[in-house]
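If you're matching positions, the sequence shown starts at 139 in this note's numbering and goes up one per residue.
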Amino acid sequence: MEKLLIINELDQLKSISDPFRLQLVGMMADEPKTGQMLADELGLPRAKIHYHLNQLLSHNIITVSHTVEKSSIIQKFYRPAAEAIVPSINIFNFNNKNGAVPYAAYTISPDEHELEILNSRLTALENSKKDNENKKETATADEYAVYMLKTMREA
139 MEKLLIINEL DQLKSISDPF RLQLVGMMAD EPKTGQMLAD ELGLPRAKIH
189 YHLNQLLSHN IITVSHTVEK SSIIQKFYRP AAEAIVPSIN IFNFNNKNGA
239 VPYAAYTISP DEHELEILNS RLTALENSKK DNENKKETAT ADEYAVYMLK
289 TMREA
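What follows is the structure, given as structure tokens:
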């Protein structure tokens, strides 16, 4: 399972924005489940569950963890595609200033040491922002994310 899935398409965002689908993804977070298992837990028809599972599957929000053959029926076990799912910082960036691509996203998979470095630098940034509240920001969120990834790799 990936650590982070960045949603960079509006169709993906629409798919995961449904509260019922979010509930389904949350129910699969601890262990993979079949559509029938989810239907039984929620007391809903299996067809309704499978419709929503297919929507999530087609937008790569969930994946098939494994399959089991039981009485000549193949059961699919689903799980979220990543531990965390977040929208891209550029998903609503409709102007292409400085040649930026509107659907750019980052793949981040830091280890524990990199996370400690990131947390300490973010804390330092937060403190400096509090000290300089009237100072104008010059870097975009994209530029800052790239800067943080580069500095973590160098450390």
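Glycine included, every Cβ here is placed at the ideal spot set by N, Cα and C.
All values reported here derive from a predicted model rather than from experimental measurement.
- Counting only residues of its own chain and dropping the five nearest sequence neighbours on each side, Pro183 has a CB closer than 8 Å to the CB of Ala177.
- Cβ-Cβ separation between Ala219 and Leu143: approximately 5 Å, consistent with a contact (criterion under 8 Å).
- Here Leu182 carries a coil assignment [DSSP, helix/strand/coil].
- When the five nearest sequence neighbours on each side are left out, the beta carbons in the same chain lying within less than 6 Å of the beta carbon of Thr201 are those of Ala219, in order along the chain.
- DSSP places Ile154 in no beta strand (DSSP E) but in the uninterrupted alpha helix (DSSP H) bounded by Leu148 to Ser155.
- The DSSP-derived three-state label of Phe215 is strand.
- Bounds of the beta strand (DSSP E) holding Lys141 are Glu140 to Ile145.
- Checking the DSSP bridge columns, you'll see Thr201 partnered with Arg217.
- Rounded to whole angstroms, Ser266 and Met286 show a C-alpha spacing of 16 Å.
- For the pair Lys208 and Met175, the Cα-to-Cα distance works out to about 14 Å.
- Between Ser196 and Arg217, the gap from beta carbon to beta carbon reaches 8 Å or more.
- For the pair Ser153 and Leu191, the CB atoms are not nearer than the 8 Å cut-off.
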